[in-house]
Amino acid sequence: MFAYALRRLGQSLLVLVLMSFLVFVGVYAIGDPVELLVNPQADAVERARATAALGLDKPFLEQYAIFLKGAAAGDLGRSFVFNVPALGLIIEKLPATIELAFVAMVIAVALGIPLGLVAGLYPESVVGRSIMAGSIVGFSLPTFWVGLVLIMVFSVHLGWLPSNGRGDTVDVLGIPMSFLTLDGLSHLFMPALNLALFKLSLLIRLTRAGAREAVLQDYVKFARAKGLSQRRVIGVHVLKNILIPIVTVIGLELGSVIAFAIVTESIFAWPGTGKLLIDSINQLDRPVIVAYLLSIVTLFIVINFVVDILYSLLDPRVRLGGAAGAH
Amino acid sequence: MATDSPWARLRADFAESRLAMAGLGLLVALVGLALLAPLLSPQNPYDLAQLDVLDSKLAPGEKSSTGGTYWLGTDDQGRDMLSGILYGLRISVGVGVASTGLALSIGMVFGLLSAYFGGWLDAIIMRVVDIQLSFPSILIALILLAVLGQGVDKIIVALVAVQWAYYARTVRSAALVERQKEYVEAAKVLALSEARVVFRHLLPNCLPPLIVVATVQVAHAIALEATLSFLGLGLPVTEPSLGLLISNGFQYLLSGKYWISFYPGVALLLTIMAINLVADQLRDVLNPRLRR
Numbered sequence: 005m006f007a008y009a010l011r012r013l014g015q016s017l018l019v020l021v022l023m024s025f026l027v028f029v030g031v032y033a034i035g036d037p038v039e040l041l042v043n044p045q046a047d048a049v050e051r052a053r054a055t056a057a058l059g060l061d062k063p064f065l066e067q068y069a070i071f072l073k074g075a076a077a078g079d080l081g082r083s084f085v086f087n088v089p090a091l092g093l094i095i096e097k098l099p100a101t102i103e104l105a106f107v108a109m110v111i112a113v114a115l116g117i118p119l120g121l122v123a124g125l126y127p128e129s130v131v132g133r134s135i136m137a138g139s140i141v142g143f144s145l146p147t148f149w150v151g152l153v154l155i156m157v158f159s160v161h162l163g164w165l166p167s168n169g170r171g172d173t174v175d176v177l178g179i180p181m182s183f184l185t186l187d188g189l190s191h192l193f194m195p196a197l198n199l200a201l202f203k204l205s206l207l208i209r210l211t212r213a214g215a216r217e218a219v220l221q222d223y224v225k226f227a228r229a230k231g232l233s234q235r236r237v238i239g240v241h242v243l244k245n246i247l248i249p250i251v252t253v254i255g256l257e258l259g260s261v262i263a264f265a266i267v268t269e270s271i272f273a274w275p276g277t278g279k280l281l282i283d284s285i286n287q288l289d290r291p292v293i294v295a296y297l298l299s300i301v302t303l304f305i306v307i308n309f310v311v312d313i314l315y316s317l318l319d320p321r322v323r324l325g326g327a328a329g330a331h
Numbered sequence: 016m017a018t019d020s021p022w023a024r025l026r027a028d029f030a031e032s033r034l035a036m037a038g039l040g041l042l043v044a045l046v047g048l049a050l051l052a053p054l055l056s057p058q059n060p061y062d063l064a065q066l067d068v069l070d071s072k073l074a075p076g077e078k079s080s081t082g083g084t085y086w087l088g089t090d091d092q093g094r095d096m097l098s099g100i101l102y103g104l105r106i107s108v109g110v111g112v113a114s115t116g117l118a119l120s121i122g123m124v125f126g127l128l129s130a131y132f133g134g135w136l137d138a139i140i141m142r143v144v145d146i147q148l149s150f151p152s153i154l155i156a157l158i159l160l161a162v163l164g165q166g167v168d169k170i171i172v173a174l175v176a177v178q179w180a181y182y183a184r185t186v187r188s189a190a191l192v193e194r195q196k197e198y199v200e201a202a203k204v205l206a207l208s209e210a211r212v213v214f215r216h217l218l219p220n221c222l223p224p225l226i227v228v229a230t231v232q233v234a235h236a237i238a239l240e241a242t243l244s245f246l247g248l249g250l251p252v253t254e255p256s257l258g259l260l261i262s263n264g265f266q267y268l269l270s271g272k273y274w275i276s277f278y279p280g281v282a283l284l285l286t287i288m289a290i291n292l293v294a295d296q297l298r299d300v301l302n303p304r305l306r307r
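Top line first, the protein sequences correspond to chains G and S. Numbering-wise (my numbering), the first sequence opens with residue 5 and increments by one. Numbering-wise (my numbering), the second sequence opens with residue 16 and increments by one.
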């Protein structure tokens, strides 16, 4: 077990270093930030001074070495635009993204599991079929398009909900949060729903498939035969058994919610990390782009690592079999 | 049902679902519109000489200064939305199909090599596939486009990079099953070259699942391109795909000028839905386990 974890850790670190190199090489190659930052009337001397101040006059490998050294110490460079540490900028925006992702996940779970259960228990009924049709639509609609329609209907046409920003926030332990104020909630609702839609469809499908299989099992028949109420059979016997794969998927999807928040945040001008990334790409703010991409890549590598280790604990074939297990 | 060729049976099976046929009809119509855009559209949306700023942001159905009617309205530059959508559809579908075709070829080769030769080659290829598939596709595309910049070629590269792994995995799993079969054995016994065994014998039998994955992926590619273009990372303004048209209209959405964003969105939606309907039925038709 320990050997497996160690090998897996080594692999994760290798991927991380590889990604850092790719991202750095790539981002290094785009545009010339000096052009954007220096006054167009500036002469060559002033330009050279700005280039040197940003460290852009050094050879590429030296820049990468400086970057790696800093990264190991938690310093991912300073934003060209804001002149503050890039990582700090991301951490500052992170609570907004996490709040959005968390609320989206709550919506997806709170709606997805009950709807999926209904669709799985009554697959041939009108309700069951409509739920499935809805989930297929939810799968095929691009997120940004749903966001636009939401804005069109609720902000422009009905005028019920605001279309951008976070609204009033309340500080919880020094971190601003929107969900505690009415105004904040009204700002939070649409983006969270938008972000939740895809995961909601996914959870409906998963729960439905699980429920359809579970109701045919002997333990459910036995529970029914014992004369237990429908509520208890479904709520305890069926739900408990289908929850394991669902919980796994929810865990895995947490990372991807944060990645997809890039789109939702851009539509609803939600001031989180995703919007920061898009803004930074448009302003060629290289250190922030690199810092964001590396943070999210790290997040994914950590999630995947934890999931793999958990799986190997649950299923010894994973750590013993290696490549032998055919898919 | 005893029909002569497998194609005739496929056609008959496919036609069983009316919804799928409707999807196919819609898809053919949309592709036809995209191909014939230069002939059909009332205006060349890229020809600035044909645009009249006085006609900007007209609502659907309003008359132009020269007497024509803008059935779907105009955008901020006085461009006819209908023409813009037809040309945009052309670019969206073109990018989707081109990237899928390229990714399919690349993924197919890697998948076949992986399954046929096994060993360390298989281990390396599949490791890369696993690692790539553990990241969401939008993130990989974003990283690539942040690096590459804008352009039709750049977005195709990004979409290919995102997609190839799906094909590699699909082909590999199909080929692993197929290579155990006797016809592959027979081909080897005949001392045919390895390339011939792989591409002429093994590959054709791995195609059905690949076709299904490819149809679904065209829809994914189109949606992903639209999303990236909407974020301003995909195509340049000179080549507006549907996603870019939607993005362009977004700023006018709040002032109630919905049509600049909405109608390109409808076109995008119809395209994706049509492809998905066709893909769903193809999956059933090509699945040997469901064969009647």
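All C-beta atoms, glycine included, are put in the ideal place defined by N, C-alpha and C. None of these values were measured; they are calculated from a predicted model.
- One finds F148, W149 and L152 in chain G with Cβ atoms closer than 8 Å to the Cβ of I261 of chain S, taken in chain order.
- Against chain G, a Cβ distance below 7 Å from G111 of chain S picks out nothing, because the smallest value is about 13 Å.
- For P279 of chain S, there is no enclosing beta strand (DSSP E); the enclosing alpha helix (DSSP H) has its first and last residue at W274 to L301.
- If you look at P180 of chain G, you'll find it in the beta strand (DSSP E) that goes I179 to M181.
- At least one beta carbon of chain G lies nearer than 8 Å to the beta carbon of Y273 of chain S.
- In this structure, G81 of chain G and P291 of chain G form a Cβ contact; the two beta carbons are roughly 3 Å apart against a cut-off of 8 Å.
- The C-alpha of V192 of chain S is placed about 49 Å away from the C-alpha of S98 of chain S.
- Legend: CB atoms of the region 156–168 of chain G lying less than 8 Å from CB atoms of chain S belong to residues M156, S159, V160 and S167.
- A Cβ-Cβ contact shorter than 8 Å links A227 of chain G with V237 of chain G.
- The beta carbon of F309 of chain G is closer than 8 Å to those of R12, L13 and S16 in its chain, skipping five residues each way along the sequence.
- Among the bridge pairs identified by DSSP, P89 of chain G is matched with G:R82.
- Within 8 Å of the CB of N286 of chain G, the CB atoms of chain S belong to G247, in sequence order along the chain.
- Taking 8 Å as the cut-off between beta carbons, the residues of the region 144–158 of chain S near chain G are I146, S149, F150, P151, I153, L154, L157 and I158, in sequence order.
- Between A189 of chain S and L243 of chain S, the C-beta spacing is not below 8 Å.
- Residues of the region 278–302 of chain S with a C-beta less than 7 Å from any C-beta of chain G: G280, L283, L284, I287, M288 and N291, listed in chain order.
- At a cut-off of 8 Å, the C-beta of I266 of chain G has a neighbouring C-beta in chain S.
- At a beta-carbon threshold of 7 Å, the residues of chain S lying near S270 of chain G are L246, ordered along the chain.
- Counting only residues of its own chain and dropping the five nearest sequence neighbours on each side, Q232 of chain S has a CB closer than 6 Å to the CB of T115 and Q178.
- Within chain G, no C-beta atom comes nearer than 9 Å to that of A37 of chain S; the closest sits roughly 15 Å away.
- Judged by pairs of C-beta atoms under 8 Å, the region 253–265 of chain G does not touch the region 45–58 of chain G, as fewer than three such pairs exist.
- Cβ proximity to chain G below 9 Å picks out L157, I158, L159, L160, A161, V162, L163 and G164 from the region 156–175 of chain S.
- Residues of chain G with a Cβ closer than 9 Å to the Cβ of F125 of chain S do not exist; the shortest Cβ-Cβ separation is about 15 Å.
- In terms of beta-carbon proximity, F193 of chain G stays away from the interface with chain S, with every pair separated by 8 Å or more.
- Look at D175 of chain G here: in three-state DSSP terms it is strand.
- Residue environment analysis places T253 of chain S among the exposed positions, since fewer than 16 neighbouring C-beta atoms fall within 10 angstroms of its C-beta.
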